[in-house]
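Residue numbers (the working numbering): 4 to 285. In what follows, a single structure is set out as structure tokens and then discussed.
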Amino acid sequence: MERWFFPLVPNSRIVVLRAAVYLFVVVDVLVMVNDVVPKAAAGDEFFQPVLLARLLALPAPAEGPLEALRAFLVVAALVAATGRLPRLLGWPIAAGHLVWVLYGMSYGKVDHDHLALVVALFVLPTVGRSHPHDHRADERAGWALRCVQIAVVATYTLSVWAKVRYGGWDWPSGATLLWAVERRGTFLGEHLVHVPELLVVAQWVTVVAELAAPLVFVLRGRALGLAAGFYLGFHLTTYAVISIHFLPLVVCWLAFAPLEKVAQRWPQSVGSRQAAEPPGSR
Numbered sequence: 004m005e006r007w008f009f010p011l012v013p014n015s016r017i018v019v020l021r022a023a024v025y026l027f028v029v030v031d032v033l034v035m036v037n038d039v040v041p042k043a044a045a046g047d048e049f050f051q052p053v054l055l056a057r058l059l060a061l062p063a064p065a066e067g068p069l070e071a072l073r074a075f076l077v078v079a080a081l082v083a084a085t086g087r088l089p090r091l092l093g094w095p096i097a098a099g100h101l102v103w104v105l106y107g108m109s110y111g112k113v114d115h116d117h118l119a120l121v122v123a124l125f126v127l128p129t130v131g132r133s134h135p136h137d138h139r140a141d142e143r144a145g146w147a148l149r150c151v152q153i154a155v156v157a158t159y160t161l162s163v164w165a166k167v168r169y170g171g172w173d174w175p176s177g178a179t180l181l182w183a184v185e186r187r188g189t190f191l192g193e194h195l196v197h198v199p200e201l202l203v204v205a206q207w208v209t210v211v212a213e214l215a216a217p218l219v220f221v222l223r224g225r226a227l228g229l230a231a232g233f234y235l236g237f238h239l240t241t242y243a244v245i246s247i248h249f250l251p252l253v254v255c256w257l258a259f260a261p262l263e264k265v266a267q268r269w270p271q272s273v274g275s276r277q278a279a280e281p282p283g284s285r
């Protein structure tokens, strides 16, 4: 069990995952969760802090501090994506992004696709420096990747729990997708309105797929790749039909990929420059 939580994986995997995650933080702040400052500017009348925000005793949002936080996250994430100062920047980015999404989701709508991204930001700094051409087995990198993987899988299984909690077992057999298509369906989705039976089948497929997500932990090689392709295809279909994306979760699926193969293609000078930096806690 200890080896499962601390698998030995190439240190170079973290380099690619770190770059992808930190670059996505910029997209997340500027595009995905981009309404935090406008909400703060509108006052705190509709501010209903989620549980974690209440536990952290976050004050009502203020426009000025949130603008400063946004600027910090963008600049710091761009620097951190290069692999520099993985701890010195990593921890403030993780804390700042958490505050950002807590504010963004304290107005009645919580996006569960951010769970894995938040976890990734908090575990990446624990690895410290990683080099694209350092393919030695590293249990620190393995633990960080495993945490992200668990968060990815938990997103699906907890989604089933939420469906049953609020909609009961009528969720998969009801008109959930029909309502979603009518409310925000795309050109493709509008054609499915006339085939409600197919939408019910899709709901059952969704529940079964989410419950089966933990099986990815026992898959290897091509089987794991096919499973990942299935879930990524599921998200693509969801976006094509009802314009709901799960991009933060999709990015975190990289934790299952052999990213060292990507790192091998990076210029040798990148790895040499980072390797030349003295070790430390940054």
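Beta carbons are placed, not taken as given, at the ideal position from N, Cα and C, and that holds for glycine. Note that the coordinates shown come from a computational prediction; the quantities given were computed from them, not determined experimentally.
> Considering only residues of the same chain and omitting the five flanking positions on each side of Gly46, which have a CB-CB separation below 6 Å?
Replying inline: Cβ within range, chain order: n/a, list empty.
> Got a sec? Which residues, its chain only, sit under 7 Å from Val253 by beta carbon, not counting five neighbours each side?
Replying inline: Only Leu235, His238 meet the Cβ criterion.
> Residue ranges of each beta strand (DSSP E) run of no fewer than 3 residues wholly in the segment 154-214, ordered along the chain?
Replying inline: Here no run is fully enclosed.
>> Quick check for students: name the residue ranges of the alpha helix (DSSP H) that lie wholly in the segment 215-265, counting only runs of 4 or more.
In response: Runs found: 224-245, 250-255.
>> Which residues does DSSP list as the beta-bridge partners of Val12?
In response: Bridge partners of Val12: Asp141.
>> Counting C-beta neighbours from all protein chains within 10 Å, is the total for Leu229 16 or more, i.e. buried, or is it exposed?
In response: With fewer than 16 other Cβ atoms within 10 Å, it is exposed.
> What is the residue span of the alpha helix (DSSP H) that Phe125 lies within?
Replying inline: Taken as a continuous stretch (DSSP letters only), the alpha helix (DSSP H) holding Phe125 covers 118-126.
> Relative to the C-alpha of Thr129, which residue among Val155, Ala144, Ala178, Val221 is closest?
Replying inline: Closest by C-alpha distance to Thr129, out of Val155, Ala144, Ala178, Val221, is Ala144.
>> Can you tell me whether Met108 is helix, strand or coil according to DSSP?
In response: Here Met108 sits in coil by DSSP.
> Can the beta-carbon of Pro13 be found less than 9 Å from the beta-carbon of Asp116?
Replying inline: Against a cut-off of 9 Å, the Cβ pair of Asp116 and Pro13 comes out as no contact.
>> Could you tell me the alpha carbon to alpha carbon distance between Phe220 and Ala44, rounded to whole angstroms?
In response: The alpha-carbon of Phe220 is positioned some 44 Å away from that of Ala44.
> Below 8 Å, can you find three or more Cβ-Cβ pairs linking the segment 164-171 to the segment 189-199?
Replying inline: Not touching, per the Cβ criterion.
>> For Val211 and Ala260, I'd like the C-alpha separation in whole angstroms.
In response: Distance between the alpha carbons of Val211 and Ala260: 23 Å.
> Pick from Leu202, Leu81, Met108, Ala226: whose alpha carbon is nearest that of Trp182?
Replying inline: Across the set Leu202, Leu81, Met108, Ala226, the C-alpha of Leu202 shows the shortest separation from the C-alpha of Trp182.
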